[in-house]
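Okay, so here's the structure we're looking at.
Residue numbers (our numbering): 13 to 294.
In structure tokens form, the structure reads like this:
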């Protein structure tokens, strides 16, 4: 169903008045590794060419899955930097790209629906991304329905994070930046509670959470009984003593509201809110 979802996602983007160009391998399949669209060099070249095209203002990833970590060190970073700031949109496996673009280019990026998600997601998530791209505003709420405060308090800091498994897998790489002085956002899908525990423990032991000002837990989809998952998160992260929200509509759930990484926000765990202090794009 992915080709059909990609087609529908492209239709959504075109309905916003965008001229959509597909990467050469967006619909491809690696000849021996079916979970990849093409070999690493070809996929890295596709991304580099798209970013460096002067007619391209944004790169919206086709899908998540797996494969970004294999190509990220093959990108032509000098050419990407020379091309100037543009917009990168995606989530899940794209977390590795978000970290790399922040570390190597100093860019804010948008954690939000990929093209296939736009073809299958809800209207609220689509409209939220459209508004963030075309009508960025100070005060945008990422919690239109209040989330649950696991640890009370108020915190301010830039947003960092993304997919939990990718954040853990990036530890030790040159692109992994800690959450110090930031608000860490976490989401995940299809991981059993003990695996969530393992990944959180890895990040804790590596010092990734040291100095974090707040934590936002988004969708933990298909990760086991909610009470168990919530207990794991609380047991592992509440001792950090920083404000923490649970259940923000960010990630692999039916609602996946886009949010800008690297942009200041205010977390109020008592009110259950997360609000941007600056526009997503400037």
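Glycine is no exception: its CB is placed at the ideal position from the N, C-alpha and C atoms.
Can you pull the DSSP bridge partners for residue 256?
-> Residue 256 is bridged to 163, 227.
Per DSSP, what kind of secondary structure is residue 5 in: helix, strand or coil?
-> Outside the displayed span of the chain (13 to 294) sits residue 5, for which this structure offers no information.
Near residue 60, what residues of its chain come up, given a Cβ to Cβ distance below 8 Å and the 5 sequence neighbours on each side ignored?
-> 87, 88, 91, 92, listed in sequence order.
Helix, strand or coil for residue 112, going by three-state DSSP, please let me know.
-> Helix, per DSSP.
DSSP-derived helix/strand/coil call for residue 150 | Here residue 150 sits in coil by DSSP.
From what residue to what residue does the beta strand (DSSP E) around residue 90 run?
-> Taken as a continuous stretch (DSSP letters only), residue 90 belongs to no beta strand (DSSP E), being part of the alpha helix (DSSP H) at 89-94.
Is it true that the stretch 130-143 meets the stretch 241-255, where meeting means three or more beta-carbon pairs spaced less than 8 Å apart?
-> Short answer: they don't touch.
For residue 195, the first and last residue of its enclosing beta strand (DSSP E) = Where residue 195 is concerned, the enclosing beta strand (DSSP E) stretches over 194-201.
Within its chain, find whatever has a CB closer than 7 Å to the CB of residue 151; leave out the 5 residues flanking it on each side and keep chain order.
-> Correct list, in chain order: 287, 288.
Residue nearest to residue 258 in terms of C-alpha spacing, selected from 95, 127, 239, 79 | Distance check between residue 258 and each of 95, 127, 239, 79 places 239 closest, using alpha-carbon atoms only.
Whether residue 298 touches residue 128 by CB criterion (8 Å) = With the chain represented from 13 up to 294, any question about residue 298 goes unanswered, as that position is not in the structure.
Okay, do the stretch 69-78 and the stretch 105-124 touch, 3+ Cβ pairs below 8 Å being the bar?
-> They touch, by the three-pair rule.
Cross-strand partners of residue 122 (DSSP beta bridge) = Note: residue 122 sits in a beta bridge opposite 101, 272.
So, are the CB atoms of residue 250 and residue 163 less than 8 Å apart?
-> Yes. Within cutoff.
Endpoints, alpha helix (DSSP H) assigned at residue 70 | Here residue 70 belongs to no alpha helix (DSSP H); instead the beta strand (DSSP E) covers 70-72.
Chain-order list of residues whose beta-carbon lies under 8 Å from that of residue 160 (same chain, five-residue window excluded) | Closer than 8 Å at the Cβ level, and outside the excluded window around residue 160, lie 257, 258, 259, 284.
CB of residue 276 within 8 Å of CB of residue 147, strictly | Going by C-beta atoms, residue 276 is not nearer than 8 Å to residue 147.
Per DSSP, which residues does residue 170 bridge with? Please list them.
-> Looking at the DSSP assignment, residue 170 forms a beta bridge with 194, 276.
Could you tell me the distance, in whole angstroms, from the CA atom of residue 204 to the CA atom of residue 211?
-> Near 11 Å, if we compare the C-alpha coordinates of residue 211 and residue 204.
Bridge-paired residues (DSSP) for residue 287 | Looking at the DSSP assignment, residue 287 forms a beta bridge with 153, 278.
Residue of 94, 157, 107 minimising C-alpha distance to residue 126 = Considering only alpha carbons, the answer is 107.
Excluding the 5 residues preceding and the 5 following residue 50 in the sequence, name in chain order all residues of the same chain whose CB lies nearer than 7 Å to its CB.
-> Setting aside the 5 residues that flank it on each side, residue 50 is surrounded in the same chain by 37, 40, 42, each with a C-beta closer than 7 Å to its C-beta; the list follows chain order.
Residue 64, enclosing alpha helix (DSSP H) - first and last residue = In the DSSP assignment, residue 64 falls within the unbroken alpha helix (DSSP H) covering 52-64.
Taking Cβ to Cβ, would you say residue 189 is nearer than 8 Å to residue 114?
-> Cβ distance < 8 Å, so residue 189 and residue 114 count as in contact.
Strand pairing of residue 232, partner residues [DSSP] = Per DSSP, 200.
So, residue 228 versus residue 195, is the Cβ gap smaller than 8 Å?
-> A Cβ-Cβ contact shorter than 8 Å links residue 228 with residue 195.
Figure out for me which residue from 99, 178, 78, 66 has the closest Cα to the Cα of residue 144.
-> Comparing Cα-Cα distances from residue 144 to each of 99, 178, 78, 66, the minimum goes to 99.
For residue 131, which option in 266, 157, 235 has the closest C-alpha, if you only look at C-alpha atoms?
-> Closest option to residue 131, Cα to Cα, is 266.
Would you call the CB atoms of residue 279 and residue 116 closer than 8 Å?
-> Not in contact: residue 279 and residue 116 (Cβ atoms no closer than 8 Å).
Can you pull the DSSP bridge partners for residue 175?
-> Note: residue 175 sits in a beta bridge opposite 199.
Own chain, CB closer than 6 Å to residue 25, minus 5 neighbours either side, in chain order = Correct list, in chain order: 32.
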